[in-house]
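Just below is one structure, and these are the notes that go with it.
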Amino acid sequence: MHYQVNEQGFYGEFGGAFIPEMLYPNVEELRQNYLNYSNEPQFQAEFQQLLKDYVGRPTPLYFAERLSAKYNTKIYLKREDLCHTGAHKINNTIGQILLAKRLGKTRIIAETGAGQHGVATATVCALMGLQCIVYMGEIDIQRQAPNVARMKMLGAEVRPATSGSKTLKDATNEAIRDWINNPPDTYYIIGSVVGPHPYPDMVARFQSVISAEMKQQLSEKEGRENPDYVIACVGGGSNAAGAFYHFLDDETVKLIAVEAAGKGVDSGESAATSVLGKIGVIHGSKTLLMQSEDGQITEPYSISAGLDYPGVGPLHAHLFESKRAEFIAITDDEAMSAGLNLCKTEGIIPAIESSHALAVLDQRKFDKSDVVVINLSGRGDKDLNTYIDYFKL
597 MHYQVNEQGF YGEFGGAFIP EMLYPNVEEL RQNYLNYSNE PQFQAEFQQL LKDYVGRPTP
657 LYFAERLSAK YNTKIYLKRE DLCHTGAHKI NNTIGQILLA KRLGKTRIIA ETGAGQHGVA
717 TATVCALMGL QCIVYMGEID IQRQAPNVAR MKMLGAEVRP ATSGSKTLKD ATNEAIRDWI
777 NNPPDTYYII GSVVGPHPYP DMVARFQSVI SAEMKQQLSE KEGRENPDYV IACVGGGSNA
837 AGAFYHFLDD ETVKLIAVEA AGKGVDSGES AATSVLGKIG VIHGSKTLLM QSEDGQITEP
897 YSISAGLDYP GVGPLHAHLF ESKRAEFIAI TDDEAMSAGL NLCKTEGIIP AIESSHALAV
957 LDQRKFDKSD VVVINLSGRG DKDLNTYIDY FKL
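If you want this note's numbering, it's the position in the sequence shown, counting the first as 1, plus 596.
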C-alpha cells in the first residue's frame with residue numbers, strides 16, 4: 597500500500613479540496629505552484645539555510661539514559677523542543693512564508709490552538725516584514741497567555757474566536773472566513789496537516805526534515821537508519837506527519853500515533869478522533885472527525901490546547917484506516933503524569949502535547965533491544981500555568 601498523497605490530493609479515500617468557490621483560485625494557485633517552487637534549488641538553499649542558522653537545526657536525537665533504564669528499552673527523544681520558538685511548528689512556517697513571498701502575498705493569516713503555530717507564524721512574518729493576523733480561540737487565549745504576549749511582541753494582531761468551543765476548530769473557521777473575504781493579497785499559513793489539498797501534503801513535506809534527520813542520526817548512533825518504533829502525538833498531526841514521513845512506506849518501522857482521550861474516551865470530554873470519529877468533511881478535507889448523529893461537529897476536549905481538534909489530518913485518517921499506524925488514546929491524567937516523569941528523570945519539561953506521546957511508555961511494553969524514538973514536539977514553557985494548576989505547585 598502507498599501512503600503518500602495522490603495527484604487528486606487524496607490519501608486512500610481521505611483528503612481532497614472541499615472549498616467555497618471564492619477560495620478556488622487561491623487554493624488552485626498554491627496547488628499548481630507549491631511543488632515547483634519548493635523543489636527549486638534556490639528555494640531549497642534558502643529554506644535549508646534558515647533551518648540551520650535561524651531555527652537551529654538539526655535538532656539533537658537524545659538518548660534518554662535514565663528513561664531507558666526505567667522502561668528497559670532504548671528510548672531516543674527527537675528534540676524539536678529545542679527549535680527556535682520552542683516547537684516543531686517553525687519548520688513549516690519557514691517553508692510557507694518563502695512560498696507566500698514567491699506568490700507575491702503581502703498579508704499573512706494563521707490559526708493557532710496552543711499558540712505555538714501562531715508564534716511561529718508571527719516570527720517568520722517579523723523576519724520577512726509581512727503583516728500578520730492570528731486567529732485564536734478565546735479560551736486558548738486565556739490558557740496560553742505567554743504565547744499571546746509573544747505574538748504581540750513580534751508584531752502580530754491576535755484576533756479572538758468567540759464562537760463554538762472557542763478553541764482551535766473555531767479559530768480555523770475564523771481564519772477561513774477571513775481568507776474568503778480577502779483572497780488576492782492574503783496567504784493562509786495552515787499549521788497542521790489539515791485543510792484542503794495541497795496543505796496536508798505541503799505541511800508534511802516541510803515537517804519531513806524531522807524524520808530525515810532521525811534516519812541520519814540513528815545511523816550514527818545505532819548503525820542503522822530505522823528505529824523499531826516512532827511515537828508522536830496527534831491533534832491535526834503535523835509533528836507526527838514529520839516524524840513518520842520517511843518511514844511511511846517501510847512497514848518494518850512501527851508507527852504509534854497518540855491522541856488526547858481527555859477525561860476518558862467515553863466521558864463526553866475527549867479528542868480521540870480515531871475512536872470517536874466518523875468520515876466527514878472539516879475545513880476543506882474529507883477525513884475522520886467527531887460528529888453527532890446528524891453530522892454536527894462534536895466539541896473536542898483536552899487539557900492540551902494543541903490536541904483538542906475534532907478531526908485528524910487525512911494522512912492520519914488513512915494511516916488509521918489502513919492500520920499502518922497504531923492509534924492510542926491517552927487521558928489528561930496519564931499525560932500530566934508522563935510529563936512530570938520526564939522532568940524528574942531527564943531534566944526536560946515537555947509540552948503537554950508531547951507528554952501524551954511519552955505516556956505510551958506506561959501503556960506498552962517494548963523489548964530491551966527495541967529502538968524507540970519519541971518526537972518531543974515542543975517544550976513546556978507555554979504550559980507552566982496548566983502544570984501549576986494541575987499539580988498545585
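Using N, Cα and C, we set each Cβ at its ideal position, and we do this for glycine too.
C-beta contact flag for residue i and residue j at 8 Å
i            : j           : result
residue 674  : residue 657 : yes
residue 844  : residue 600 : yes
residue 977  : residue 764 : no
residue 855  : residue 868 : yes
residue 942  : residue 678 : no
residue 676  : residue 655 : yes
residue 870  : residue 884 : yes
residue 695  : residue 761 : no
residue 866  : residue 872 : yes
residue 962  : residue 620 : no
residue 880  : residue 928 : no
residue 1052 : residue 957 : Since the displayed the chain opens at 597 and closes at 989, residue 1052 lies outside it and no answer follows.
residue 906  : residue 896 : yes
residue 982  : residue 746 : no
Extent of the continuous beta strand (DSSP E) to which residue i belongs
i           : result
residue 881 : 881-885
residue 727 : 727-733
residue 756 : 753-757
residue 659 : 657-659
residue 719 : No beta strand (DSSP E) holds residue 719; the alpha helix (DSSP H) holding it covers 712-724.
residue 707 : 703-708
Nearest residue (CA-CA) to residue i, options the options
i           : options            : result
residue 980 : 970, 918, 743, 883 : 743
residue 687 : 640, 762, 875, 610 : 640
residue 608 : 938, 949, 808, 918 : 918
residue 820 : 967, 780, 910, 951 : 967
residue 913 : 783, 874, 954, 838 : 874
residue 839 : 891, 897, 973, 628 : 973
residue 901 : 737, 660, 648      : 737
residue 786 : 847, 778, 733, 706 : 706
residue 698 : 847, 605, 782, 943 : 782
residue 731 : 606, 771, 660      : 771
residue 908 : 841, 807, 834      : 834
residue 984 : 936, 864, 766, 598 : 936
residue 646 : 626, 672, 723      : 723
residue 733 : 693, 769, 965, 878 : 769
residue 650 : 672, 680, 629, 659 : 680
residue 794 : 626, 975, 690, 638 : 626
Per DSSP, cross-strand counterpart(s) of residue i
i           : result
residue 971 : 674
residue 607 : 610
residue 630 : BP columns for residue 630 are empty, so no partner.
residue 850 : 825
residue 877 : 882
Where the alpha helix (DSSP H) through residue i begins and ends
i           : result
residue 772 : 764-777
Cβ pair count under 8 Å reaching 3, the stretch 614-622 against the stretch 634-652: no
The stretch 745-753 in contact with the stretch 703-721 per 3-pair CB rule at 8 Å: yes
The stretch 923-933 touching the stretch 798-812, judged by at least three CB pairs closer than 8 Å: no
Sufficient close CB pairs (3 or more, under 8 Å) joining the stretch 814-829 to the stretch 699-711: no
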